[in-house]
Ligand code: ADP
Ligand code: MG
């Protein structure tokens, strides 16, 4: 991993490095421990590892650490979504002791926070067990703030939401951005503000409408915009091409039509697939048909880009000064339709330019292919990364003290 990729932008917010923390101060840290669990075990600890630099920095300063995070989407208290497995894993990764609180707020949390020794960590329970979290309830924010002297946000994956544990509590304490948040924001902003050119953006995934704002922005900011995944069918439908039984939604066709209108006059070259791989159903056992071009006959659905597309996209990626990739090129969970996504993942891994992969399914694909450490920056936040690149304000970031 390149520690300092070219083209970093300014953070504009106080960094945790500059937060005055005296030995013994209590620091509340919002982390993103929204990790996948199976049978009470963390199956992918990447997000916990990503928070370690900030945790270690604060422990070195002698802080008593109180960590909080959401996990999943529980509606109230739900033991299935306890932070316990995450705090167990954290305890294996750091040398200090890690305690798990039984609640998010309340008397047990207060006494747990009181008992902490410098360098020790208390992990609060899942913030979404409190209904006030998602409404940014001022009382919940106040109770969270009451256990600490300062607040650090390192949960990049959650800063696009104005919740009590993000924006709410940041207003009530001296605050700063953690090292992960800082790296995410400066790297992603750098793509828009000062990319090494050419800037090549590869977008895939399911819905055009989810990414239309991004497509629109990159048509002006990028040099080439490469489209793959199910979203290409909405573009083909907008061009009146046959898409067979491929995944197409009406609102996506409208979005695609808008992107195509006047595309020639924008900065970026817009590239669509040249060939496809199809099946009769969304299944790994379906009969696989290689299509010479992108016309999909009735009875078939396009499930991956074909080899000519993969090669053309790989060439663009190889020539790029900066690459940003978000969204798989096909239904990569199904082995017969993983080749297009794998080819793009390999091209990104090999690319000499600065490479950034957005969170979500493209980040999982990178990890699954064993290439995660071959990119300069693998974002930990799907929605947050897209909103930042669209140019939207991130409430959890805005609420932090300015630099
Ligand atoms: P991301 O999470 O990276 O933003 P999305 O969630 O938008 O990406 O899309 C990922 C999903 O799109 C995957 O589950 C993948 O199977 C699906 N997908 C990609 N291409 C196709 C296709 N041609 N047909 C059906 N589903 C597809
Ligand atoms: Mg997704």
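In the working numbering, the protein residues as written are -16 to 386. Even for Gly, the Cβ is constructed at its ideal location relative to N, Cα and C. All values reported here derive from a predicted model rather than from experimental measurement.
Residue i: first and last residue of the uninterrupted alpha helix (DSSP H) it sits in
i	result
residue 273	Counting along the chain, residue 273 falls outside any alpha helix (DSSP H), though it belongs to the beta strand (DSSP E) covering 272 to 274.
residue 262	That residue, residue 262, is in no alpha helix (DSSP H); its beta strand (DSSP E) goes 259 to 262.
residue 10	Counting along the chain, residue 10 falls outside any alpha helix (DSSP H), though it belongs to the beta strand (DSSP E) covering 9 to 13.
residue 393	With the chain represented from -16 up to 386, any question about residue 393 goes unanswered, as that position is not in the structure.
residue 46	Where residue 46 is concerned, there is no enclosing alpha helix (DSSP H), given that its DSSP letter is neither H nor E.
residue 236	233 to 243
residue 368	365 to 373
residue 279	Neither: residue 279 is in no alpha helix (DSSP H) and is coded neither H nor E.
residue 123	121 to 128
Closest Cα partner of residue i within the set the options
i	options	result
residue 107	148, 144, 120, 75	148
residue 387	310, 286, 130	Within the shown structure, residues of the chain are numbered from -16 to 386, placing residue 387 beyond reach of any answer.
residue 209	223, 194, 220	194
residue 102	91, 94, 20, 82	82
residue 288	14, 327, 306, 79	327
residue 315	65, 325, 130	325
residue 252	122, 7, 198	198
residue 118	152, 135, 105	152
residue 266	342, 29, 283, 15	283
residue 36	369, 160, 129, 320	160
residue 192	48, 96, 201, 237	237
residue 357	297, 339, 21	339
residue 464	334, 219, 240, 378	Residue 464 cannot be examined here, being either before or after the span of the chain that is shown, -16 to 386.
residue 63	322, 349, 346, 111	111
residue 243	260, 376, 201	201
residue 86	156, 65, 80	65
residue 290	259, 298, 272	259
residue 307	216, 249, 353, 369	369
residue 0	113, 120, 346, 166	166
residue 319	235, 363, 270, 347	270
Three-state secondary structure (DSSP) of residue i
i	result
residue 198	helix
residue 322	helix
residue -15	The predicted position of residue -15 is uncertain, since its pLDDT is 43 and thus under 50; no value can be drawn from it.
residue -4	strand
residue 24	strand
residue 133	strand
residue 144	coil
residue 403	Outside the modelled stretch of the chain, which goes from -16 to 386, sits residue 403, for which no answer is possible.
residue 35	helix
residue 377	coil
residue 2	coil
residue 212	coil
residue 207	strand
residue 110	helix
residue 171	helix
residue 384	coil
residue -9	coil
residue 104	strand
residue 286	strand
Beta-carbon spacing of residue i, residue j below 8 Å
i	j	result
residue 2	residue 145	no
residue 227	residue 188	no
residue 171	residue 137	no
residue 69	residue 25	yes
residue 104	residue 50	yes
residue -4	residue 295	no
residue 126	residue 88	yes
residue 42	residue 100	no
residue 313	residue 286	yes
residue 181	residue 207	yes
residue 72	residue 31	yes
Enclosing beta strand (DSSP E) for residue i [first to last residue]
i	result
residue 307	305 to 309
residue 160	158 to 160
residue 292	Not the beta strand (DSSP E): residue 292 falls in the alpha helix (DSSP H), residues 290 to 302.
residue 92	Here residue 92 belongs to no beta strand (DSSP E); instead the alpha helix (DSSP H) covers 90 to 98.
residue 338	337 to 340
residue 393	Given that the chain is displayed from residue -16 to residue 386, the structure contains no residue 393 and the question cannot be resolved.
residue 185	182 to 186
residue 253	252 to 254
Ignoring anything shorter than 3 residues, give me the beta strand (DSSP E) runs that lie fully in the segment 48 to 88, in order along the chain. 81 to 83
Give me every residue whose Cβ sits closer than 6 Å to any heavy atom of the ligand ZN, in chain order. The model on display carries the ligand ADP and the ligand MG but not the ligand ZN.
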